[in-house]
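Peer 1: Residue 135 is where the sequence shown starts when you use this note's numbering, and the numbers rise one by one after that. All C-beta atoms, glycine included, are put in the ideal place defined by N, C-alpha and C.
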Amino acid sequence: MYDSRSSGVHDVAPRDGVDFMYEGPQQVLPGAHPLPLFHPDNSVTRPPVSPYLPSPQRPHPYFTTELPELPHFQTTRPIVYTVGTMKQRIVAPVFDLANNVTHTRELDPFIFGFYPETEEMAKNLSYWLVRCQNFSSKWDYENREIWRKAKKNWPNTGMGMARVGDRKNHAHPWGAHSKPVKPWNLLMPTMDVKTWSKSNRMLVTLKMLQGKLQIVERLTLPEPTQEAYLQLCRTMGWDVRHKGGGALFMDGGSRLTPSSEYDRAFFFGSFFNGRNKLVRPTLLCDEPYDYNRTSSKARTKGPKGQKNPIPINRFNAYDALTHDTLIITEGALLQLEDEMYTHKLAMLPPHIRAQLPERGFLDSEVLGDVPPALQTVQMEAAARTEEAEQAMYAPYYDNPYHPWQDEGEASYAVDAVEGTVQRYIKSRKTSWAMLS
């Protein structure tokens, strides 16, 4: 076929509409991209949520000052510009569920202005990809678990593998393993709070710099059905199809009623098999613990390493990169700022930390310096319950609201036989029954 033409294909007349002709440097090729991208991510296919287009001319695609025609809300906690943060104000528009901008909201640069670093985000991503394996299904035979029959596989009189047995030995590349891949031979990776918090803040900042961060008043549905959820997504322009951009929701309630639990109607409605995920309103994780660190329990069925893996419904690098839009409610903003406040102050150098009281950063609602901060609905309910039931503990010696009120004259001992707490005054027993 190639021999019939002597000079290649250049001497053949191009067929119209079939062969490609180069029109010059000004030619625009529809759909051409230098990288083999399967999901084209540009401003047409994935329009940003931010008011401006991301550009190297701006520090970030959101507002840098308040808009005079919209009401503006400050941060819940005072802003401190720590080391990695951008020294620009981040003012984001807040949408209601009719896709209208109702007001603007200041974003904390410690959370949303923390410049991303590839190494930190890669730690998050690699941890998540290893942690999300199904460790239970990775189960392989060991040598002694393999059933081997007593009869020879073939007689060694002719050609064949003489006296090799049944090839169930691990010495053969197709046999069993000497160290079989079992769940208790695998390793659950460990992630500490500092790295997790840092990489999560960098990822949130990355979504902000890409213009993919949307602040919403609340996430709720008129009825807890999938139809109402899809109608809300259609109204807000969230593409939750499998081949669409996807939406990552962080639901923490509204600004006046923040909640650490999901809105129940939205939670039930969000069970849709597209590209959407609902995560908890936190960027932190628990301290890792391993109760079998020294392998003191010889037989344990789970993987080695951290017994306390980060739950699936947390914000992480994989979901932040696979879902296009990050939707955060205002109550989640309040909870993020609240949980990051201590970390933010602890990061400051000591000579700056010494200035905090006189600058008014450590005003405490306990001392009455400042009106009490808004708590979540759950914390508020617990506080009111405690306030109502506080008097019930008054007649008891182990009153948790006035601890050690009689420590001047009394001492306590635990009777392990009867399981009671004994109270002594001057080495005389004063109590006849359990105190707790």
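Which of helix, strand or coil does DSSP assign to Leu337?
Peer 2: Of the three classes helix, strand and coil, the one that applies to Leu337 here is helix, per DSSP.
Peer 1: From this set, Thr510, Tyr535, Ala507, Lys478, which residue's C-alpha is nearest Glu520's C-alpha?
Peer 2: For the residues Thr510, Tyr535, Ala507, Lys478, the minimum Cα distance to Glu520 belongs to Tyr535.
Peer 1: Any chance the CB of Pro205 is under 7 angstroms from a heavy atom of the ligand FMN?
Peer 2: Looking at this structure, you won't find the ligand FMN or any other ligand, since it has none at all.
Peer 1: Which residues in the same chain as Met568 place their Cβ atom closer than 7 angstroms to its Cβ, once the five residues preceding and following it in sequence are excluded?
Peer 2: Caution is warranted here: a pLDDT of 49 is assigned to Met568, below 50, making its placement in the model unreliable, and no coordinate value can be reported.
Peer 1: Give a yes or no on whether the C-beta atoms belonging to Lys478 and Thr216 are separated by under 8 angstroms.
Peer 2: Yes, the Cβ-Cβ distance between Lys478 and Thr216 is below 8 angstroms.
Peer 1: What do you reckon, are the CB atoms on Pro437 and Trp318 nearer than 8 angstroms?
Peer 2: Yes.
Peer 1: Taking the alpha-carbon of Glu361 as reference, which of Val374, Ile349, Glu351 has the nearest alpha-carbon?
Peer 2: Of the listed residues, the one whose Cα sits closest to Glu361 is Val374.
Peer 1: Which parts of the segment 395-465 are runs of the beta strand (DSSP E), unbroken and 3 residues or longer, counting only runs that do not cross its ends?
Peer 2: Fully enclosed beta strand (DSSP E) runs of 3 or longer: 410-413, 459-463.
Peer 1: Does DSSP put Asp150 in a helix, in a strand, or in coil?
Peer 2: Asp150 falls in the coil class under three-state DSSP.
Peer 1: So, for Leu201: in the same chain, excluding its five sequence neighbours on each side, which residues have a beta-carbon less than 7 angstroms away from its beta-carbon?
Peer 2: So the list reads Thr238, once near-sequence residues are dropped.
Peer 1: What do you get for Tyr530, buried or exposed, if any count of 16 or more other CB atoms within 10 angstroms of its CB means buried?
Peer 2: When all chains shown are included, Tyr530 counts as exposed.
Peer 1: When the Cα atoms are used, what is the spatial distance from Gln208 to Gly247?
Peer 2: Whole-angstrom Cα-Cα distance: 16 angstroms.
Peer 1: What do you get for Arg265, buried or exposed, if any count of 16 or more other CB atoms within 10 angstroms of its CB means buried?
Peer 2: When all chains shown are included, Arg265 counts as buried.
Peer 1: Within the continuous beta strand (DSSP E) that includes Ser545, where are the two ends?
Peer 2: From DSSP, the beta strand (DSSP E) with Ser545 extends over 544-549.
Peer 1: Is it the case that the Cβ atoms of Pro181 and Pro188 are separated by a distance below 8 angstroms?
Peer 2: For Pro181 and Pro188, no; Cβs fall outside 8 angstroms.
Peer 1: Counting beta carbon pairs with one atom in the segment 410-422 and one in the segment 488-501, are three or more of them shorter than 8 angstroms?
Peer 2: Result no; under three Cβ-Cβ pairs closer than 8 angstroms.
Peer 1: Would you call His485 buried or exposed, if buried means 16 or more other Cβ atoms sit within 10 Å of its Cβ?
Peer 2: So His485 ends up on the exposed side.
Peer 1: Quick one: complete beta strand (DSSP E) runs, 3+ long, within the segment 482-550?
Peer 2: Runs of the beta strand (DSSP E) inside the segment 482-550: 544-549.
Peer 1: Relative to the alpha-carbon of Gly380, which residue among Leu347, Pro358, Pro356 has its alpha-carbon at the smallest distance?
Peer 2: With distances taken between Cα atoms, Gly380 lies closest to Leu347.
Peer 1: For the beta strand (DSSP E) that contains Thr554, what are its first and last residues?
Peer 2: Start and end: 554-559.
Peer 1: Is the separation between the beta-carbon of Trp372 and that of Thr459 shorter than 8 angstroms?
Peer 2: Yes; because the gap between Cβ atoms is below 8 angstroms, this pair is in contact.
Peer 1: Rounded to whole angstroms, what's the CA-CA distance from Gly408 to His376? Just pull it up for me.
Peer 2: Roughly 5 angstroms between the two C-alpha positions.
Peer 1: Along the chain, where does the alpha helix (DSSP H) that runs through Arg223 open and close?
Peer 2: Arg223 -> no alpha helix (DSSP H), and no H or E assigned at all.
Peer 1: Three-state secondary structure (DSSP) at Phe269?
Peer 2: Here Phe269 sits in helix by DSSP.
Peer 1: On the three-state DSSP scale, how would you describe Gln160?
Peer 2: Residue state, collapsed to three classes: coil.
Peer 1: Could you give the DSSP three-state label for Ile245: helix, strand or coil?
Peer 2: Three-state DSSP puts Ile245 in a helix.
Peer 1: Under 6 angstroms Cβ to Cβ from Leu468, same chain only, skipping five residues before and after it: list those, please.
Peer 2: Thr210, Pro392.
Peer 1: Can you tell me whether Gln469 is helix, strand or coil according to DSSP?
Peer 2: Looking at Gln469 - three-state DSSP - the assignment turns out to be helix.
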